[in-house]
Each structure stands twice: as C-alpha cells, then as structure tokens.
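Here the protein sequences come in this chain order: A and B.
Residues in the first sequence are numbered from 1 upward in steps of one, following the numbering used here.
Residues in the second sequence are numbered from 1 upward in steps of one, following the numbering used here.
Every residue, glycine too, gets a C-beta built ideally from N, C-alpha and C.
Just below is one structure, and these are the notes that go with it.
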Amino acid sequence: MFLSMNWICDFVDLEGLDKVDLIHRFSLSTAEVENEIFFKGSDLKGVVVAEIKSVEEHPESKKLHLLKVDTGKEELTDVVCGAPNVRVGMKTAFAQIGAQIGDITISPRKLAGYTSYGMCCSESEIGLSDDHSGIMEITDDIPNGTDIKDVYDIDDIVFEVDNKSLTNRPDLWGHYGIAREFAALAGRPLREMETDDLTVYSELPPVDLKIEDHLCKRYSSIKVENISRTVSPVNIRIRLFYCGMRAINFLADLTNYLMLEMGQPMHAFDARRVDKIRIKRFPEPFKFTTLDEVERNIDENTLMICNDNTPVAIAGIMGGFDSEIKEDTTTLALESANFDAACIRKSTVRLSHRTDASMRYEKSLDPEMTVPAIGRFLYLLKKYDGGVKVVSSLTDEYAEKFPPVTIDFDQAFVDRYTGIKIDGDTIIKTLCGLGFKAERDGDNFRVDVPSWRITKDVTMKADIIEEITRIYGYDNFDVHTALSPLYPIRETETKTDEEKIKDLLVKRFSLHEVHSYVWVYNDEQKALGIPVEENIKLANATNPNIETLRRSMIPTQLCQVRTNVSYSNDFGIFEIGRVVKGVDDNNLCIEKKMLGITLFSKTNSIKDQYFRLRDMLAAIADDVKHRELSFVTTEAEHCYEHPVNYNRILIDGTDIGYIAMVHPTVGKNIDKKGNVVFAEIDVDKFASVSVNALVYDEPSKYPAIEYDLSLDLPSDTMYCDLISCWEDDGTDLLKNVSVVDTYDTELVHRITVRFEFVSADRTLSSAEVQEIIDRITANLTKIGVRIKTA
Amino acid sequence: MDERIQKLKERFEKEISEKKDLSDIDSIRVSYLGKKGSITALLKGMKELDAENRKVFGADVNKLKEYAAKRIEARMEEFRRRQIELEIASMPKFDITAPAAKTMGSYHPITLVQRQCETIFKSMGFTVEDYPEVVTDYECFESVNIPKHHPARDMQDTYYLENGQLLKSQTSAAQNAILRKYGPALKEKGVPIKAIFPGRCFRNEATDASHENTFFQMEGMMVDKNISISNLIYFMKTMLSEVFRKDIKVRLRPGFFPFVEPGFELDISCLICGGKGCPSCKHSGWLELCPCGMIHPNVLREGGIDPDEYTGFAFGLGLTRLAMMKYGIKDIRDLNSGSLKVLSQFTDDE
Numbered sequence: 001m002f003l004s005m006n007w008i009c010d011f012v013d014l015e016g017l018d019k020v021d022l023i024h025r026f027s028l029s030t031a032e033v034e035n036e037i038f039f040k041g042s043d044l045k046g047v048v049v050a051e052i053k054s055v056e057e058h059p060e061s062k063k064l065h066l067l068k069v070d071t072g073k074e075e076l077t078d079v080v081c082g083a084p085n086v087r088v089g090m091k092t093a094f095a096q097i098g099a100q101i102g103d104i105t106i107s108p109r110k111l112a113g114y115t116s117y118g119m120c121c122s123e124s125e126i127g128l129s130d131d132h133s134g135i136m137e138i139t140d141d142i143p144n145g146t147d148i149k150d151v152y153d154i155d156d157i158v159f160e161v162d163n164k165s166l167t168n169r170p171d172l173w174g175h176y177g178i179a180r181e182f183a184a185l186a187g188r189p190l191r192e193m194e195t196d197d198l199t200v201y202s203e204l205p206p207v208d209l210k211i212e213d214h215l216c217k218r219y220s221s222i223k224v225e226n227i228s229r230t231v232s233p234v235n236i237r238i239r240l241f242y243c244g245m246r247a248i249n250f251l252a253d254l255t256n257y258l259m260l261e262m263g264q265p266m267h268a269f270d271a272r273r274v275d276k277i278r279i280k281r282f283p284e285p286f287k288f289t290t291l292d293e294v295e296r297n298i299d300e301n302t303l304m305i306c307n308d309n310t311p312v313a314i315a316g317i318m319g320g321f322d323s324e325i326k327e328d329t330t331t332l333a334l335e336s337a338n339f340d341a342a343c344i345r346k347s348t349v350r351l352s353h354r355t356d357a358s359m360r361y362e363k364s365l366d367p368e369m370t371v372p373a374i375g376r377f378l379y380l381l382k383k384y385d386g387g388v389k390v391v392s393s394l395t396d397e398y399a400e401k402f403p404p405v406t407i408d409f410d411q412a413f414v415d416r417y418t419g420i421k422i423d424g425d426t427i428i429k430t431l432c433g434l435g436f437k438a439e440r441d442g443d444n445f446r447v448d449v450p451s452w453r454i455t456k457d458v459t460m461k462a463d464i465i466e467e468i469t470r471i472y473g474y475d476n477f478d479v480h481t482a483l484s485p486l487y488p489i490r491e492t493e494t495k496t497d498e499e500k501i502k503d504l505l506v507k508r509f510s511l512h513e514v515h516s517y518v519w520v521y522n523d524e525q526k527a528l529g530i531p532v533e534e535n536i537k538l539a540n541a542t543n544p545n546i547e548t549l550r551r552s553m554i555p556t557q558l559c560q561v562r563t564n565v566s567y568s569n570d571f572g573i574f575e576i577g578r579v580v581k582g583v584d585d586n587n588l589c590i591e592k593k594m595l596g597i598t599l600f601s602k603t604n605s606i607k608d609q610y611f612r613l614r615d616m617l618a619a620i621a622d623d624v625k626h627r628e629l630s631f632v633t634t635e636a637e638h639c640y641e642h643p644v645n646y647n648r649i650l651i652d653g654t655d656i657g658y659i660a661m662v663h664p665t666v667g668k669n670i671d672k673k674g675n676v677v678f679a680e681i682d683v684d685k686f687a688s689v690s691v692n693a694l695v696y697d698e699p700s701k702y703p704a705i706e707y708d709l710s711l712d713l714p715s716d717t718m719y720c721d722l723i724s725c726w727e728d729d730g731t732d733l734l735k736n737v738s739v740v741d742t743y744d745t746e747l748v749h750r751i752t753v754r755f756e757f758v759s760a761d762r763t764l765s766s767a768e769v770q771e772i773i774d775r776i777t778a779n780l781t782k783i784g785v786r787i788k789t790a
Numbered sequence: 001m002d003e004r005i006q007k008l009k010e011r012f013e014k015e016i017s018e019k020k021d022l023s024d025i026d027s028i029r030v031s032y033l034g035k036k037g038s039i040t041a042l043l044k045g046m047k048e049l050d051a052e053n054r055k056v057f058g059a060d061v062n063k064l065k066e067y068a069a070k071r072i073e074a075r076m077e078e079f080r081r082r083q084i085e086l087e088i089a090s091m092p093k094f095d096i097t098a099p100a101a102k103t104m105g106s107y108h109p110i111t112l113v114q115r116q117c118e119t120i121f122k123s124m125g126f127t128v129e130d131y132p133e134v135v136t137d138y139e140c141f142e143s144v145n146i147p148k149h150h151p152a153r154d155m156q157d158t159y160y161l162e163n164g165q166l167l168k169s170q171t172s173a174a175q176n177a178i179l180r181k182y183g184p185a186l187k188e189k190g191v192p193i194k195a196i197f198p199g200r201c202f203r204n205e206a207t208d209a210s211h212e213n214t215f216f217q218m219e220g221m222m223v224d225k226n227i228s229i230s231n232l233i234y235f236m237k238t239m240l241s242e243v244f245r246k247d248i249k250v251r252l253r254p255g256f257f258p259f260v261e262p263g264f265e266l267d268i269s270c271l272i273c274g275g276k277g278c279p280s281c282k283h284s285g286w287l288e289l290c291p292c293g294m295i296h297p298n299v300l301r302e303g304g305i306d307p308d309e310y311t312g313f314a315f316g317l318g319l320t321r322l323a324m325m326k327y328g329i330k331d332i333r334d335l336n337s338g339s340l341k342v343l344s345q346f347t348d349d350e
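Laid out in structure tokens, this is it:
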C-alpha cells in the first residue's frame, strides 16, 4: 500500500521533523516499509499555469498546432504543440524555457520550421496521472503564470508499506490510522477528522434497508441527490494517483479516497436502481456481472447486496455493473458497511478476485467506522460539490457489536516481560498516543482498548506489551542474558546414532549424503519400471506427478542413482529420511525414519559391491553398537529387488532392515553396465538396540596357532549355518574365526576358514589344537560339509 | 704353505668369484666352512702330521678359514649392495604431481549447517529434538494458536493427506509436544526448557530457483520464569554472531505470527556490506533473517504451562536459506536434486 506524507500531515503536524527518519522509525515500530521512498515533484520545476490565446494549424503538419499562450508575462509566448485537445481559452500546465521535467530541461526547440518556446504538458508528463491523451486542462480559476506547485499538492513524499505486515492491523489500511502511528512516534497530537453533522438529517425519511444475514455486521447508508460534479479536484486525483489508483469519476473517486483515508471501503449505488437494500445469501448458485463487466459465478456462501431480490453487489468485494454510478447519475445511495472477515476472505478465494475493498474487509475492520465514514464522505462531497442535497436520514443497521475490551496489568508484569525498566508515565503516554484510554493507579494500569484495535489484535496483556515496546523502540533496549539455572542435557540415542552413521559413511566409506522428497515422483519411477506402491496420498497436490507418499527410500534412491550415472563410474549415496508405511488403526500415518544406502559401480563386480555394502553395514553395527549383524535370506518383497540376493538384517535378534542387489530389469533401466546394490535400515529400531559395553581383553603372552580349513558347503548351507560347529564345542582356546577366501561357482560354494587358537597361560601344543580341530571337522561333516585340509 | 691349503684357497677363490648372487654364496659357506666343508676337512687330516708341521699347518688352515669367512661376508655385502642398486635402478620415477584420486565422501550442506547450529545451541545448554514430518492439524495449527478459519492458515499452503493429517508446514508443529515433554521438569524442578528442533517442512507451492516445496527450518525456544524481550534480543544476537562467526548487529521489527506475542521480524546487518548498503541487501544495510517473539500465552497454556508464571521466547531459522547464504547456492532446487555434481563438493564443515 502506498502512503502519501501530505495526506498523513492532514491529521498530524510533523512540521520541523525529519519525515524520512520518521518513516524509518515507522518501519521499525509499526509495519515494514519498502526500501524505495519516492520524492514526488522533486524533479519538476518551472511549470506554470498558462492560457491558450490563439490556435493556428501548422501549414505542413496535420498534427501540430501553432499556439500563442499567456504565461502571465507582458508578451505572449509562441508554442508548437501536437496535442489534439488544444483550444482557445483553455488553461493548461506549461513548462517554460528553463523548466525541468524529470531529466529534461526545456529550451527553445525547432519543430517543423517553427520555434517552440516551451511546452504544454499532459498530466502524465508532469506525473499527476497516467493520462497522456492530451495536455492537462486546468479548470480552476488560477492566474496565468502561477507555478502549479503553488496551487497543487505535487510535492510529496510517498512510501510503500508491505501489505503482509498489516495483516493483523485492520486500523492501518487508511491514512488516518497511519497518521495515528506517526503521531505516537513523533509525540504529537492526532487531529480530529472534519465530518459532516449527520444529526441534522434525522427528520428525513430513512433508506429502506434490512440485514437478512448474520454475516453482515453493520450496514449504514444515506441518500444524496443533485450531484453535478463529474471530475474530481486535481488534488484528490493526485493523491489517488500517488497511492496507486486511477481517477474514474468524482463519486467513484470520492469513495476510493475515503477508503484510502479511513480504510473504510464504500460503494455508491445509482439510487435509481437501488431503493430497497437487502443483504443476504442465495440458496442456488447464479451468475452476476460486476462493474468491471466480468460475469462471475456466485454460490450459496457468497453474501450479496440486493435491491429487494435483485443482486446489485458482491458484499465487500465489488459492485454490480447495472447499479454502478453512470455519467447521468445525480442521486446516489451510499454504502458504508461491515461484513464478516472470514466470509469475505473465502468468497475472495472462491471468486479468485481480490479487490482493494475485500483486502480490507478480510482483515476484520472496525464496525464503528461506518458512520464517521459517511460523515466524512458528505463533508468532502459538500466541499467540492456545493449543490448536493441529502435526501434521507442516516440509516444504520448495527447487527453485531464487538464487546469492549479492558485490560488490567501492573508494572511488574511489564518489567518481567520486557526485561528493562519502562516507567509508568511513558506507558500511559504511549498508550494514550495510540488512542487507548489508559489509567494508572500507582503500579496498576487499566486500559480500554479502542474499537479499531479490538477486532483482531489487542485482546490481552501480552498485546499491551507489544504496544508499549514497539513505540519505545527495540533499538533502545538494554539487552542482557537470561539468568536461568544450569542443568545437564543429553542427546537422544537416535540423534547420536544418526550422526555417527553419517560420519562413518562419509568419512570412512566415501559415500555422498543426498536429500530427497517424501513423496513418489511418478514419472521418474515409471522410467525405471518400478510401479508406485499403494500408500496414503496427498489430498491437495497441485502437481499431478506427485501424489503418493513413499513407503521406501530405495525407489527414490534408484531414481537419484539414475540421474547420476554420468557423474562417476563408481559412487554411493545415502540419506536418513522418512517413509510412511500406510496408516495405523487410528487412521494415523505410520512414519518411519529410514537410512537408505545405494551403491553404483561400473568397475566392480556386483558381488564385490554386495560384500562392500555388507561390510559397511557391519561397520555401522560394530562402531555404533559394538555388535555383529546377522543375515537371513528371505524372498524379495519388491519387484526392484533381486530374487536371489535379498537378505534381512538382524542385530541382537531385531530385524532392522534389508540388503539386496537390484533386480536386473530395473538395473538395466538405470544403466546397462552398472551394478547396483542397496540397503534400507529402520533408524529408530537400530537406535533402540543397546550398545555392548567395551570389554578389555588382555592379550596372551603366548604364541597363537592358526589352522585353516577349506570347506565345500552343500547347496543351501551358508557360513552362518556352520558357526554352531565350533561355538557349541565350548573350548575357550579358540580366539578368533575368520574367512580368508571364498570360491563360488554355480556348483561349488567353497570357503576357507582360519581358526586362531591361543591360551592365556601356556604355549599350546599342536596335538592339543588338532584335537579341537578334529571335533570341529566331525561336527561339520555331520551337516554335510566336505573338508579339504589346506 | 702346504700345497693342499694353497690349492684349496685357489679353488675357493675361483668358485667365489664365479658366484652371481646371494643364494649361491650360502652354498660356498656350507661347502668350505660347514661341518663337512673342505676347510674343516683339512683340519681333520692334520693328525697325520708331526707336531711341528701340525702347528704351522693348523695356523695356515685357520688363516684360510678366517680369510674365507671375510671373503664370503664381503662378497655377500657386495651382492646385497648390488641388489639394492638394481632395485633402485629398476624403480620407475612416479609422477605424483598428477591429480590425486577423489575419494572423499560428502555431507549434505543442510547437515553441515545444521550441525554448526546444533553445536552452538548445545554449547549454551539446549537440547536437540527431532519430530515427525507427518503431523496432525492440532500439532501444526490448533496447539500453536492458529484455530480453524484463522487467516494465518491461508498464509501457508499446506499439503494435506487423505486421512486429514498434513505434512508439517512449520517446525512450530513440535512446540506443543516439547512443552509437554519438558514442562514437568520445569514446574517440578525448575529446569528451564531450552530446546531446538530442526526439521523438514513442506509448502504446497510451485518451485523455482528460490521456492521449494520441501525445505528445512530450525525452531528454538526457551521457557522459564522471567524470560524477557531483552533476553530474546541478547540471545539472538549472540547466537547469530556465532553462526556467522562475526559480530552481527540485529534489529527487531514488529511482525505478525500467531504463535508469538509480541512477534518480530529479525533483521541482521548485511553480511556483504556490513550495513553500508549494497545490491544484496537492496541498499538497506539489513537482511531479513528470521521471525521470533515471545511465546504466545495461548501456546504456553496449551502446552500445559501457566503463562502468568512462565514466559519464553521462540524463533525460527531457515536452515535452507542459511545454507544457501553460507555456500552461495543460487538455486534452491539443487538441494533436493540428489545431483552429485552439486552435493559431492560439501566434503566437510568449512
């Protein structure tokens, strides 16, 4: 919203103060002001009122005219002018030789053989409006040669306030409310607004008016006839233009002017078409043409202003085409009303039509404002159009008032909340300056909140703190630390585990951490041939490509791997992210925090990749939990997992996830030559596993004996099936078992196992060791393992 | 000298000079100096000599023995040296000026910035909390003073799910749960609530270089008796100076957020120009950084904390924005792209 400093100064005397500085203070204390401040008129000098005394056609040009103009000097000035609206006797704005308009300095200039000693200006050229259809026509009686800046309010400081920062301040949507803030900031009084005395019309017949819907809080109206003026005074048009509105006609301009001044939207109906005002909603949808000649769909929730049963305006949003002020309108019915904010806001959204009026109504305007606005409107109307006649009494239906708000607080509350000392007199002065009625009894305060603040933002003690502190100025605060007691804090298991996992994967295994989206991108997954798993969907996604939440990190990562195949021949990615596994019995989402790891390689075999990933997972378990993982081969669950190499991962008996190779079909869609393996771990389940305490094992002083056995395993037997063959033996001399080699073909699964024996108190004899080995081999033979002594 | 000794010496000389490497030398030692070696055999034949000759003979054999041992040792040394020389000569000169292999993994930039912030807060006694991404309407709105039909709900374009839950549009969704989690310790033992809660947030909007539907925020709050606006300003200034590792000027402007009262927009002095005005701060000298304020009494009450007894402040830092500022990332979409051309560069904190 653009604001005019001249307009503000109608209501508060800021003489002698640095206005730009005040604007900056306003930004820090009230609402955000955009950076650029406009100094209107600063680039306009030497433009005077001049009268056209003669007009001759240019002999060689159809467009140009040769004028003689009276600029108040003894001699007339020769001017060549191309404007179509020149005529003898017309007064206009004239830039004399030496005048400045923007970057241009006016000098004598030859045009098609004739010299022009100055320039007649359009309103657009001198920045008063966007009208450049012809030169400005000055109808006011002003002596020729008068500088136009002496008669019109061209010099002004205009600034823009970010509308978003006024969301909770319905009182700041007009210059009067803004002026109140400036008055409080400057410590100067706010002037009362000059209004027409409405009581004198009380004997006149009322307007036929009835609120038939509770969404209309108040509706005030009055009828005026004998309106003759059609074009607004220049100063009014300048202000409208500076504040971003276009002048239309006098009555429409005046309603807009009122809205910009008081924040109260108004509407002028042609009284010939509106004489029985009813406010209501209609049960059936219908079409309605607004004054911008757009046909709009009105539904059963949209509040309408009607002439009896005929809709004439969408309440709070826009008037109708049929009932608007026309060229020949002489009698008007004025609307100054208040509507339910939420209703207007929702209608605006439904109609996708936001207007200056609806923007204000949806902020919860003060209903007390409707009648003073009519008083102000009549005051201005009479001022600029002396012959008007009020033909009805002020008719005011006030259906719903906001209850008054009184707030009690004490000095201690202010001290505690602010942390600084703001004395009682300052508190009272600040609040009174903002229009609050504030009383003080020692350390106790009682405050009546003014009507323009109770509709929304000031309802309790904490709100009063804001009023006091923002005017006091946050830059003036003495800042100091809190003096709270100290207590130790501890991180959650999940958090510490997550950080350790990230460090391990990045620092030790050179993986790259990625982020992704919690939903499935249909097209990307389709390209890999992975159907979207049935899951809970977004209810209001605007992008049709995203609708379903993901159940697993892996399809997401496979898509990401695919986009990275050109990055490197060999890389791995991981993410700790969320998945949703459907809903529970209470229809609430089952959200899981998962670690997904996916490795891609064109250089390593898929077997090497698979073991590399296994080793990473083992390292995580070992490093974070000091535990070993176990694996159980089961059937793959999803089409993107390899039917043969899919293993559940267990730690301390808890299933925490799985490791798998990619299914070749999906793998080839990612890259024809790349190998892909992946794993997914439930982070919370992993975190819930306790950490094995670190136990120190004194190394033996005696030499260890190593013994290798090469074992041919029967099909379907895996290393994990062998462990009991030595663990069940119960010897405490076997210190370590490791696999030193594996050899796999379709027919043979051979592994070489190294046993390490050591005693804490003596050197072992080979006979002793052989005895144990014999027992182990006997056990192995029992389960069908063929021993090939190394 | 005995002829036998002389001959043996000559034969030894000949043989040792014919040997070509270390392994051959050992056979010479065995054949001359070993228990059954030729020199040892000479000594065995001494008993046939008379005492006089035996003495001379013995001395000569011993000389030969010493000589052979030295000669063998010298020859071995020569071979060792030659072997090392050979090894050196056969070693190519490697060019390690060629670029080193890139084996560094990388953290997501959000992780890096988040860790920095967490470290700072932890050093000031804050606990770090995690929170789900799918939340209820109550958590995200009702509990933080945004009742149904409140205009603030229009301000945020929220992703709703079929079951009525939603993807959290703000980290404030965790406020209520955190107040309830730590409220008892506050009330019973006087332990102040000091918590930060970083997390993913979602907004249903079209994406472009500066808009994302999925981004990270970090909310923080502190609740105790007598927490004041003055404390809030102090705290924000201290914390942000740590985050940016230089003395930051802050200023507060009134800002409207339903969960705080009073609410503020916090600006920091421009990081580029220090406040003089430059294109990146639109010549104002200030950057709008984060919303903050005193926790709204309704929010405290809803979290089971009496607003007449306790006060607190809360703030919301845009971690995504912070990461972009810190690393000069221009397109916000790069962060969720999974593109390793972008992400692999973030190998470590600095």
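Checklist entry - Could you give the uninterrupted runs of the alpha helix (DSSP H) lying entirely in the stretch 220–283 of chain A, keeping only those of 4 residues or more? => result The DSSP assignment places complete alpha helix (DSSP H) segments of no fewer than 4 residues inside the stretch 220–283 of chain A at 234–242, 250–262, in order along the chain.
Item to check | Classification of ARG246/A by the beta-carbon crowding that lies within 10 angstroms, buried from 16 upward | outcome: By the Cβ neighbour-count rule, ARG246/A is exposed, with fewer than 16 other Cβ atoms within 10 Å of its own.
Item to check | DSSP state of LEU209/A mapped onto helix, strand, coil | outcome: If DSSP states are grouped into helix, strand and coil, LEU209/A belongs with the strands.
Next on the checklist: Just to confirm the assignment, what range does the beta strand (DSSP E) spanning TRP286/B have?
Outcome noted: In this chain, the beta strand (DSSP E) harbouring TRP286/B covers 286–295.
Item to check | Span of the beta strand (DSSP E), counted from its first residue to its last, around PHE436/A | outcome: Segment: none, PHE436/A is in no beta strand (DSSP E) and carries neither H nor E.
Checklist entry - Across which residues does DSSP place VAL312/B in a beta bridge pair? => result Note on residue identity: the sequence assigns Gly, not Val, to residue 312/B. Within the DSSP secondary-structure output, GLY312/B pairs in a beta bridge with VAL223/B.
Item to check | Every unbroken alpha helix (DSSP H) inside the stretch 115–186 of chain B [4 residues or more] | outcome: Within the stretch 115–186 of chain B, the complete alpha helix (DSSP H) runs of at least 4 residues are 137–140, 152–155.
Item to check | When PHE346/B, LEU340/B, ASP308/B, SER241/B are compared against SER566/A, the one with the closest alpha-carbon | outcome: The residue with the shortest Cα to Cα distance from SER566/A is LEU340/B.
Checklist entry - What in chain A is Cβ-close to LYS237/B, meaning under 9 Å? => result Simply VAL479.
Checklist entry - At a CB-CB cut-off below 7 Å, which residues of chain B make contact with ARG578/A? => result GLU133, listed in chain order.
Checklist entry - If the cut is a Cβ gap below 7 Å, which residues of chain A does GLU162/B touch? => result Those are ILE536, LYS537, ALA539, listed as they occur along chain A.
Checklist entry - To the nearest whole angstrom, what separates the beta carbons of PRO291/B and PHE313/B, a pair I think is in contact under 8 Å? => result With a Cβ gap of about 11 Å, PRO291/B and PHE313/B do not count as contacting.
Checklist entry - Using the C-alpha atoms, what's the distance from LYS326/B back to TYR395/B? => result This structure does not reach residue 395/B, given that chain B is present from 1 up to 350, and the question cannot be answered.
Next on the checklist: I'd like to know whether the C-beta atoms of VAL161/A and LEU3/A end up nearer to each other than 8 Å.
Outcome noted: Cβ distance < 8 Å, so VAL161/A and LEU3/A count as in contact.
Next on the checklist: Considering only their Cβ atoms, is the gap separating ILE422/A from ILE468/A smaller than 8 Å?
Outcome noted: Yes. Within cutoff.
Next on the checklist: Which same chain residues end up closer than 6 Å to THR329/A when comparing Cβ atoms and leaving out the 5 residues on each side of it in sequence?
Outcome noted: Same-chain partners within the cutoff: ASP270.
Checklist entry - Closest by CA to SER54/A, which one among CYS81/A, PHE413/A, ILE344/A, ASN307/A? => result Closest by alpha carbon: CYS81/A.
Checklist entry - Whose C-alpha, out of ILE305/B, LYS282/B, SER269/B, is nearest the C-alpha of LEU289/B? => result A check of alpha carbon separations from LEU289/B across ILE305/B, LYS282/B, SER269/B identifies SER269/B as the nearest.
Checklist entry - Using a C-beta cutoff of 8 Å, does LEU297/A count as contacting chain B? => result Note that residue 297/A is Asn in the sequence shown here, rather than Leu. With 8 Å as the cut-off, ASN297/A does not count as an interface residue toward chain B.
Item to check | Residue range of the unbroken alpha helix (DSSP H) whose run includes ASP150/A | outcome: Here the alpha helix (DSSP H) through ASP150/A covers 148–151.
Next on the checklist: Once DSSP output is grouped into helix, strand and coil, what is the label at ASP712/A?
Outcome noted: ASP712/A falls in the strand class under three-state DSSP.
Item to check | Selected residue, minimal CA-CA separation from ASP741/A, among LEU733/A, LYS735/A, ASP732/A, ILE751/A | outcome: Comparing C-alpha distances from ASP741/A to each of LEU733/A, LYS735/A, ASP732/A, ILE751/A shows the shortest one belongs to ILE751/A.
Item to check | Endpoints, the alpha helix (DSSP H) within which HIS175/A is located | outcome: Segment 175–186, the alpha helix (DSSP H) holding HIS175/A.
Next on the checklist: DSSP has LYS705/A in a bridge; who is on the other side?
Outcome noted: This sequence places Ile at residue 705/A; Lys is not what is there. PHE757/A.
Item to check | Closest by C-alpha distance to LEU595/A, when choosing among LYS602/A, LYS581/A, GLU575/A | outcome: Residue GLU575/A is the option with its Cα nearest to LEU595/A.
Item to check | Span separating the alpha-carbon of THR111/B from that of TYR361/A | outcome: Taking the straight line joining both Cα atoms gives about 44 Å.
Next on the checklist: Using the three-state DSSP reduction, which class does VAL514/A fall into: helix, strand or coil?
Outcome noted: Correct three-state label for VAL514/A: coil.
Item to check | the stretch 645–659 of chain A contacting the stretch 673–684 of chain A, beta-carbon criterion three pairs below 8 Å | outcome: With the cut-off at 8 Å, the stretch 645–659 of chain A and the stretch 673–684 of chain A touch.
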